[in-house]
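Worksheet for the structure shown next.
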Amino acid sequence: MKAKRWIKDILALIDYGLYRVGIKKCGIKVHSIEETIDELIHTNKSMVRFGDGEITMIRGRSLKLQKAEPEIVEGLKRMLGYQYDDLIVTIPEIFGDLSIYRRESRQFWRDHLLFSRKIYERFCNQDRIYHNTSVSRFYYALEDKSKCGQWIEGIRQIWKDKDVVVVEGERTHNGVGNDLLDTARTVERIIGPASDAYGKLDEIIECCKEYSKDRLFLVSLGVAAKFFAERMFSEGYRVLDIGNLDMEYEWYLNHAKRKESIPKHDIVGEKANEEAGYQIYLSQIRKRIQL
């Protein structure tokens with residue numbers, strides 16, 4: 027296994043090097059984190075985020091929290107094409123210099139590109155400049171963390187004085203135990219399944235459509251979040267797919283040197299949340315939708 031891993035890493039390094047010296051060409055462009063945050067602060071655009079997991083699913087592979095289905099794979103391919111001006115699409119900033127990432131992350135992205143670059147080249151719209159997925163992964167993987175405080179303050183301005191509806195899995199607890207959402211005027215929650223949320227997407231959307239269109243929806247539902255965002259956007263709502271932003275913020279607050287488990291992610295059910303002291307969180311829940 028070590029030899030196989032070593033060979034893969036060498037091939038990935040060679041492939042990456044060929045693009046860096048210009049022997050191979052890639053026309054995909056990605057905005058900076060700052061530009062992405064500014065776009066979200068100063069416009070009412072919605073956002074769909076693509077990370078390595080979504081690209082892996084386009085290759086036909088299931089993820090831990092979502093089984094691959096043909097209709098999901100085809101939908102992800104279509105959304106990666108960035109069809110709408112007001113529904114921005116984010117992808118990783120990995121097509122140029124990877125030195126912005128810490129060492130193990132650089133190797134991860136080289137390996138990822140070795141197997142998935144053709145997915146980006148085939149399905150991305152190279153007439154667009156994509157936005158930056160690191161807007162929700164702003165801390166751990168980056169080598170230079172000097173701007174993290176500035177970025178998170180910008181992110182918190184996106185929902186400042188807005189009425190927010192958080193749509194998340196039962197383990198996620200966005201903003202619970204930290205001040206991530208404290209700038210919002212109000213926070214309500216729709217709790218969906220922790221895994222395979224795509225199967226309950228219609229029910230989740232029908233519940234959310236009971237809200238007026240002045241609400242800002244923040245969604246953390248894995249792969250299902252992409253489809254939620256697109257469909258709610260098509261109905262005239264503003265939706266931001268924030269992925270694991272809260273977990274990244276926890277690592278930032280803890281000055282984490284390595285990926286750490288977050289205790290609140292193990293808390294499931296009303297009794298356990300009461301025992302954890304999450305009364306405010308419980309009071310914000312308007313609907314629970316389970317598999």
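Everything in the sequence shown is counted per my numbering, starting at 27 for the first residue and increasing by one.
C-beta atoms are modelled at their ideal positions from N, C-alpha and C, and glycine is treated no differently.
In this text the structure is predicted, and so the values were computed from the model without any measurement.
C-alpha gap between residue i and residue j, whole angstroms
i    : j    : result
R284 : R75  : 23 angstroms
G43  : S58  : 22 angstroms
A29  : D35  : 10 angstroms
E222 : C233 : Reading the sequence as shown, one finds Asp at residue 222 and not Glu. Going by the C-alpha atoms only, they are around 18 angstroms apart.
I216 : G195 : 9 angstroms
I40  : E147 : 18 angstroms
K93  : R87  : 8 angstroms
S287 : L37  : 32 angstroms
G303 : F141 : 45 angstroms
K297 : D123 : 48 angstroms
T62  : S72  : 12 angstroms
I178 : L308 : 25 angstroms
S246 : Q133 : 27 angstroms
Y108 : I117 : 11 angstroms
G175 : L207 : 15 angstroms
S238 : N299 : 29 angstroms
S260 : S125 : 38 angstroms
D228 : E97  : 14 angstroms
R143 : E301 : 46 angstroms
M258 : I33  : 44 angstroms
Y263 : F243 : 8 angstroms
Q152 : Y110 : 14 angstroms
T69  : N280 : 31 angstroms
S131 : Y165 : 12 angstroms
E95  : M83  : 9 angstroms
F149 : G53  : 12 angstroms
Beta-carbon spacing of residue i, residue j below 8 angstroms
i    : j    : result
S91  : G248 : Residue 91 is actually Leu in this sequence, not Ser. It is a contact, given that the beta carbons lie within the stated cut-off.
H157 : D78  : no
I145 : R85  : yes
E214 : Q310 : yes
E274 : S172 : no
R197 : V115 : no
I155 : K55  : yes
D187 : R241 : no
F254 : V193 : yes
E169 : R136 : no
N204 : E276 : yes
Buried or exposed by the 16-neighbour rule on C-beta atoms within 10 Å, applied to residue i
i    : result
D267 : buried
R211 : exposed
I67  : exposed
A250 : buried
T159 : buried
H199 : buried
P219 : buried
G201 : buried
N270 : buried
E119 : buried
G180 : buried
L106 : buried
R314 : exposed
D112 : exposed
I306 : exposed
D18  : Because the chain spans 27 through 317 in this model, residue 18 falls outside it and cannot be assessed.
E80  : buried
E100 : exposed
L317 : exposed
Range of the contiguous alpha helix (DSSP H) that encloses residue i
i    : result
R284 : From DSSP, R284 is part of no alpha helix (DSSP H); its letter is neither H nor E.
I98  : P96 to L106
I59  : I59 to H68
L207 : Taken as a continuous stretch (DSSP letters only), L207 belongs to no alpha helix (DSSP H), as it is neither H nor E.
G79  : D78 to I84
Terminal residues of the beta strand (DSSP E) in which residue i lies
i    : result
H157 : I155 to N158
R215 : T212 to G218
I126 : Note, I126: premise wrong, no beta strand (DSSP E); not H, not E.
I114 : L113 to I117
R75  : S72 to R75
Any C-beta of chain D under 8 angstroms from that of residue i
i    : result
K252 : Here there is only one protein chain, and chain D is not present.
Cβ-heavy atom distance, residue i to the ligand ZN, below 7 angstroms
i    : result
I217 : For the structure depicted, the ligand ZN is absent and the ligand set is empty, with no information on it obtainable.
Which ranges does the alpha helix (DSSP H) cover as unbroken runs of at least 4 residues, wholly within the region 261-312, from first to last along the chain? With a minimum length of 4 residues, the continuous alpha helix (DSSP H) runs that stay inside the region 261-312 are 271-279, 296-301 and 305-310.
List, from N- to C-terminal side, the alpha helix (DSSP H) runs of 4 residues or more that fit wholly inside the region 144-198. 174-184, all fully within the region 144-198.
What runs of the alpha helix (DSSP H), each 4 residues or longer, lie entirely inside the region 213-255? Listed in chain order, the complete alpha helix (DSSP H) runs (minimum 4 residues) inside the region 213-255 are 227-234.
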